[in-house]
Ligand SMILES: Nc1nc2c(ncn2[C@@H]2O[C@H](COP(=O)(O)OP(=O)(O)O)[C@@H](O)[C@H]2O)c(=O)[nH]1
Ligand SMILES: [Mg+2]
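In this note's numbering, the protein residues as written are 1307 to 1550.
This is the structure we're talking about:
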């Protein structure tokens, strides 16, 4: 009989398995020429508003689709449909983040939806399976609103966006360091209300640099569009690079 209980690091195993699934998904996306962007933030920081404006600005340049993830409801997916693109809602069944397997399921449902819609319109869906090098060029994943768990689980996306908003405060990188560490680009939304809050863009960037030396920090106002050209440029450049 053992006198010491065996201790198993379940979380590490879960994360290692997820990392493998995420790498496989990224390889698949590369083969298809689809750039999947994982958008993370706390609830209410303006993810859906940012996506809506981005879609309006870029939908004539890029083929875009959206996956909205939430614990419940289809509010955000409905909002996306109003922008004239294909969108699906993913319910996580109470989970506060998506993992790579859930993201893969979402992508399969999204492709199926695009195929059905194309058939209804009488158009040929250009690519579903196999050598699908002309699949949707840009897919946004609006992750569950949460600054902790989504940062821990690699979704298999090609890049991560961390978004904060001015009313949320400039100390978020100190409190949620991993989110800012895994981000490839950081959006600071709601700059229209800067005069009313003690949010210093300089201090925020200083805190970000403690964890992430390179990710660009882009101040935006999703409500008016101010500052969003820099974000669009970042996006278009990265989609192009991914597909080359
Ligand atoms: N003042 C201001 N409000 C914004 C801005 N962007 C979004 N909002 C508002 O913030 C609230 C939450 O936005 P939403 O996009 O749903 O956030 P999400 O939960 O992160 O998807 C809504 O009332 C938006 O109208 C902005 O740039 N400025
Ligand atoms: Mg939303």
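From the three backbone atoms N, C-alpha and C, an ideal C-beta is built for every residue, glycine too.
At a cut-off of 3 residues, the continuous stretches assigned as beta strand (DSSP E) that sit fully inside the region 1349–1402 are 1370–1376 and 1392–1397.
For residue 1466, DSSP records a beta bridge to 1344. For residue 1442, same chain residues with a beta-carbon under 6 Å away, outside a window of 5 residues either side, are 1340, 1369 and 1371 in chain order. Runs of alpha helix (DSSP H) with 4 or more residues, each lying fully within the region 1465–1530, are found at 1478–1481, 1483–1487 and 1507–1517, listed in chain order. Bridge partners of residue 1444 according to DSSP: 1341 and 1370. The region 1487–1500 makes contact with the region 1514–1531: 3 or more CB pairs, one atom from each, lie closer than 8 Å. Closest by C-alpha distance to residue 1385, out of 1395, 1378 and 1449, is 1395. Residues of the same chain with a CB within less than 6 Å of the CB of residue 1489, apart from the 5 flanking positions on each side, are 1466, 1468 and 1521 in chain order. Only residues of its own chain outside the window of five on either side were considered, and among them 1406, 1460 and 1462 have a CB closer than 6 Å to the CB of residue 1328, listed in chain order. With contacts defined by Cβ atoms closer than 9 Å, residue 1538 and residue 1354 do not form a contacting pair. Nearest to residue 1345 by alpha-carbon distance, out of 1324, 1323, 1404 and 1364, is 1404.
Per DSSP, residue 1411 is one residue of the alpha helix (DSSP H) stretching across 1406–1426.
For residue 1313, the secondary structure class from DSSP, reduced to helix, strand or coil, is coil. Around the beta carbon of residue 1400, a 10 Å sphere encloses fewer than 16 other beta carbons of the protein chains shown; the residue is thus reported as exposed.
For a cut-off of 8 Å, the C-beta gap from residue 1349 to residue 1451 is around 3 Å, short enough to register as a contact. Exposure of residue 1367 is indicated by the presence of fewer than 16 other C-beta atoms within 10 angstroms of its C-beta.
Across the set 1549, 1320, 1315 and 1319, the C-alpha of 1549 shows the shortest separation from the C-alpha of residue 1445.
Ligand 2 approaches residue 1354 closely enough that one of its heavy atoms is under 8 Å from the residue's Cβ. Here residue 1454 carries a coil assignment [DSSP, helix/strand/coil].
Close CB contacts of residue 1333 within its chain, under the 8 Å cut and outside five residues either way in sequence, are absent. Between residue 1513 and the set 1502, 1498 and 1484, the nearest pair of CA atoms involves 1484. In the three-state DSSP reduction, residue 1328 falls in the helix class (H, G or I).
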